[in-house]
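The working numbering numbers the first residue of the sequence shown as 372 and each following residue consecutively.
We put the beta carbon where it would ideally sit given N, CA and C, even for glycine.
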Amino acid sequence: MSGAPKWTHVEKEFLIDNYGKYSPAQLAKKLFELTGICRSKNAVVITAGRMGLDHRRVTEAITIQDAAELSNTTVHIVRHAIKQGVIKPKKTTGRCVLLDVSELDKLEAKYPSVPPGYTMTKQQLMAKLGYGETQATRLLKGGVIRGIKRGDRWHVDANHVEEWVQKMREEGLTRLDLSGFQTSYLQSEREKMRAYALKERKKRRRKDRRTTFCTQSEAAKLLNLSLKQTKTLLQSGVLEGKQENGLWLAKRKAVRKYGRKLG
372 MSGAPKWTHV
382 EKEFLIDNYG
392 KYSPAQLAKK
402 LFELTGICRS
412 KNAVVITAGR
422 MGLDHRRVTE
432 AITIQDAAEL
442 SNTTVHIVRH
452 AIKQGVIKPK
462 KTTGRCVLLD
472 VSELDKLEAK
482 YPSVPPGYTM
492 TKQQLMAKLG
502 YGETQATRLL
512 KGGVIRGIKR
522 GDRWHVDANH
532 VEEWVQKMRE
542 EGLTRLDLSG
552 FQTSYLQSER
562 EKMRAYALKE
572 RKKRRRKDRR
582 TTFCTQSEAA
592 KLLNLSLKQT
602 KTLLQSGVLE
612 GKQENGLWLA
622 KRKAVRKYGR
632 KLG
């Protein structure tokens with residue numbers, strides 16, 4: 372059984388000039404139009420691989436990894452920039468996203484390069500100092516630990532962290548001592564957190580009242596009793612409930628159960 376015809380010089384030159392600009396299926400079609408030889412898309416991929424070609428041979432097109440290296444950022448930052456619409460991909464070849472080299476200017480303007488030494492992640496900082504995510508974020512945002520945020524990821528100055536660790540060891544400090552520092556930023560953050568917690572607590576209480584409890588007045592109507600009789604039942608514990616801000620709340624489940632008992 373004879374195999375497929377050998378690849379001609381013309382076909383190989385065409386691949387060198389165009390591989391990555393078009394999908395393998397499109398290349399196979401164009402090769403057939405050019406030479407009349409039928410090539411499958413798998414044959415195109417295999418031959419290109421043997422020739423040492425890949426998507427980076429595309430004229431003025433680079434991969435995400437290339438963009439990260441050229442802009443001195445990270446692959447994560449480049450992907451974040453694409454997701455946020457800061458830069459637009461030129462095309463996608465299989466799983467590979469290709470970018471036009473002109474997009475680098477936009478990338479560098481939005482995300483200046485990370486200085487040398489900022490090699491530690493926030494997770495590594497947390498492990499190093501024994502902090503949780505909230506505390507580590509506060510240290511970084513407060514400027515206590517030097518870090519730069521690019522996209523949604525922190526890049527931490529590893530040397531500065533080592534200095535802090537050394538200082539803590541020399542002075543016998545613990546992570547609890549370090550967490551006691553005060554900054555105007557942290558103070559405002561604490562106030563925001565308190566306000567948020569209060570708001571959420573009120574929401575939970577309202578939901579709790581609607582779904583689990585009913586007011587004394589509602590319970591009286593459901594049981595066909597007077598307010599005084601209902602209050603007496605709640606105070607004596609016969610009807611399960613609780614007192615909140617001077618008002619009695621009855622458990623809906625207990626009201627239904629007591630109602631069945633009354634007949």
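DSSP places Glu615 in the uninterrupted beta strand (DSSP E) bounded by Gly612 to Glu615. Per DSSP, Leu620 is not a residue of any alpha helix (DSSP H); the beta strand (DSSP E) it occupies stretches across Leu618 to Lys622. Secondary structure of Val485 (DSSP, three-state): coil.
In the structure shown, Leu475 adopts helical secondary structure according to DSSP, grouped into three states. The alpha carbon of Leu424 has as its nearest neighbour, out of Lys383, Glu541 and Gly617, the alpha carbon of Lys383. Taking the Cα of Val457 as reference, the smallest distance to any Cα among Gln606, Glu474, Gly630 and Leu511 is reached at Glu474. Distance from Asp528 to Gly488 at the Cβ level is roughly 6 Å; contact confirmed, criterion being Cβ atoms closer than 8 Å. Per DSSP, reduced to three states, the secondary structure at Tyr390 is strand. Residue pairing by DSSP places Val446 opposite no residue, since no beta bridge is assigned to it. In the displayed model, Val626 falls within a helix according to three-state DSSP.
For Thr603, there is no enclosing beta strand (DSSP E); the enclosing alpha helix (DSSP H) has its first and last residue at Leu598 to Ser607.
Judged by their CB atoms, Leu510 and Ile519 are not nearer to each other than the 9 Å cut-off. A residue is called buried when at least 16 other Cβ atoms come within 10 angstroms of its Cβ; Ile433 meets this threshold and is buried.
Around the Cβ of Ile387, a 10 Å sphere holds fewer than 16 other Cβ atoms; the residue is exposed. The continuous beta strand (DSSP E) containing Lys520 extends over residues Gly518 to Arg521.
Rounded to the nearest whole angstrom, the C-alpha separation of Gln587 and Leu500 is 52 Å. In the DSSP assignment, Val527 falls outside any alpha helix (DSSP H) and within the unbroken beta strand (DSSP E) covering Arg524 to Val527.
Counting the other CB atoms within 10 Å of its CB gives Ser597 a total below 16, which places it among the exposed residues.
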